[in-house]
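A.B. asks: Structure incoming, see below.
Numbering (the working numbering), first residue to last: 2 to 113.
Structure below.
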C-alpha cells in the first residue's frame, strides 16, 4: 500500500514531467522488489507505444537486469520510430536500478 508521502512524491514528479513534455512521449518506470518495468506512453492518445520488463529479460544482478530492460526498450522504441521522450521516474529516486535503466536507454538511442 502506498503511503501518503509516496503518492505525493509520485504526483509531484509526474506533474513536472507533463509540464516539460510538450508533445514528447513519456518513458514511465515502475520498480518492484523483484522486477522493473518501463513503457513509453503517448498521453495524448492514451496508448502504450513500447514496453519492456525484467520478467522477460534476465541477466545477473538487479542493476544489470535494469540496464538490459533499458536497452530492450530503446530497441523497441527505435523500431516504432521514437527518438525523443521525457523520463518519468514516478515515485522512485533517480538512483540505482532506475538510473541504470535510464543510462542504458540513452545508450540505446533514446534522447531525454
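Built from N, CA and C at the ideal position, the CB exists for glycine as well.
Alpha carbon to alpha carbon, what distance is there between residue 20 and residue 65?
C.D. replies: When the Cα atoms are used, residue 65 and residue 20 turn out to be separated by approximately 31 Å.
A.B. asks: For residue 72, is the classification buried or exposed, using 16 other Cβ atoms within 10 angstroms of its Cβ as the cut-off for buried?
C.D. replies: buried
A.B. asks: With a cut-off of 8 Å, do at least 3 Cβ pairs link the stretch 83-101 to the stretch 26-41?
C.D. replies: yes
A.B. asks: For residue 18, which three-state DSSP category applies?
C.D. replies: Three-state DSSP puts residue 18 in a helix.
A.B. asks: Using only CA atoms, which one of 43, 51, 32 and 36 lies nearest to residue 22?
C.D. replies: 43
A.B. asks: How would you label residue 58, buried or exposed, when you count the other beta carbons within 10 angstroms and need 16 or more for buried?
C.D. replies: buried
A.B. asks: Can you give the Cα-Cα distance for residue 98 and residue 46, rounded to whole angstroms?
C.D. replies: Computed Cα separation, rounded: 29 Å.
A.B. asks: Taking all protein chains shown into account, decide if residue 12 is buried (16 or more other Cβ within 10 angstroms of its Cβ) or exposed.
C.D. replies: exposed
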